[in-house]
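Here's the structure, in structure tokens; my notes come after.
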Amino acid sequence: MKKSLIAGNWKMYKTPKESVEFAKELVKNTGFHDDRDILICPPFTSLLQVSEVVSGTALKLGAQNVCFEDEGAFTGEISTGMLKETGVEYIICGHSERRNIFGETNFVVNKKVRKTAEAGINPILCVGEKLEERESGKAFEVISSQVRESLEGFKQPEMIVVAYEPVWAIGTGKTATPEQAEEVHAFIRNLLAELFDKNLSESIIILYGGSVKPDNIDSIMLQKNIDGVLVGGASLKVDSFTRIIDYKA
Ligand code: PEP
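Note that this note's numbering has the sequence shown beginning at 3, numbered continuously upward.
Below, the structure is given as structure tokens:
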């Protein structure tokens, strides 16, 4: 059975001490589930300590970014090898904040996705259109280029997770309607079938992200092609993230 994935992206919030306290609280509230995996992605500086807290629990660990090189003169960057030792099982690649604030292109995201999977870590490839692209009818064109270019030459499709995160819905309180999200997810699933293989595309996890909250999680998770969520703001509080983890299937 394909498990859903409920992932929390802490962005640049929580010091190592705050992260450990938060992770301990979350561990108390979160048991193992047969039908869903739970992932938290703290800042780099918290990974090692949080790793000790979540070891042997239902919480998996992920990172928010990675460098596309193994080592060298890349000041301020972090490699897959460094992340692997902290115990991460997932790395978010090409989040819209990385693309739009730090200028990451599909070409760069492609190198990150490949490097991540080569290290035996699951890449979470983020794609999503901006408001003006949706309003000018270009959403599907943008998403198609992001998926195709970010996965060009990618040979480990069984490791990939795709996150559809419309930029206009991230941190804005505006959510795509479940139907709007489902339409894009079905489109992405078809693209993946074209790029890889039909059966395999059915098994790929496609997450929705963009102002997911306790009051919309249940209707989002009812959609056929939505296999989980990537949650920013609402993953920073134990009660809201716990309610999202406990979505009604
Ligand atoms: C995100 O960080 O990926 C995100 C979707 O944020 P938020 O849930 O706050 O919109």
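In this text, a Cβ means the ideal position worked out from N, Cα and C, and glycines have one as well.
- With respect to the C-alpha of Phe142, the residue from Gly96, Gly74 and Leu193 having the closest C-alpha is Leu193.
- Annotated as proximal: Ser213 and Thr174, with beta-carbon spacing under 8 Å.
- Every unbroken stretch of the beta strand (DSSP E) spanning 3 or more residues and falling wholly within the region 112-158 is given here in chain order: 124-129.
- When the Cα atoms are used, Glu185 and Asn227 turn out to be separated by approximately 9 Å.
- In the structure shown, the three-state DSSP call for Leu238 is coil.
- Note that the C-beta distance between Met84 and Pro45 is not below 8 Å.
- By the beta-carbon neighbour count (other beta carbons within 10 angstroms, threshold 16), Lys200 is exposed.
- Bridge partners of Lys62 according to DSSP: Leu41.
- A residue is called buried once 16 or more other Cβ atoms fall within 10 Å of its Cβ, and Asn218 is buried on that count.
- For ligand 1, a non-hydrogen atom lies closer than 7 Å to the CB of His97.
- Under the Cβ criterion (8 Å, minimum of three pairs), the region 91-104 counts as touching the region 62-71.
- Taken from the Cβ of Ile172, at least one heavy atom of ligand 1 lies inside 7 Å.
- Look at Leu49: its beta carbon is at least 7 Å from all of the heavy atoms in ligand 1.
- With fewer than 16 neighbouring CB atoms inside 10 Å of its own CB, Glu87 falls in the exposed class.
- Only exposed fits Phe34, as fewer than 16 other CB atoms lie within 10 angstroms of its CB.
- Per DSSP, reduced to three states, the secondary structure at Ser6 is strand.
- Of all alpha-carbon atoms in Gly78, Glu120, Glu135 and Cys43, the one lying nearest the alpha-carbon of Ile162 is that of Glu120.
- Put simply, of Lys114, Ile172 and Val22 the residue whose alpha carbon is nearest the alpha carbon of Gly235 is Ile172.
- Burial of Met223 is indicated by the presence of at least 16 other C-beta atoms within 10 angstroms of its C-beta.
- Remark: C-beta atoms of Ile207 and Arg191 do not approach each other more closely than 8 Å.
- Counting along the chain, Ala195 sits inside the alpha helix (DSSP H) bounded by residues Pro180 to Leu197.
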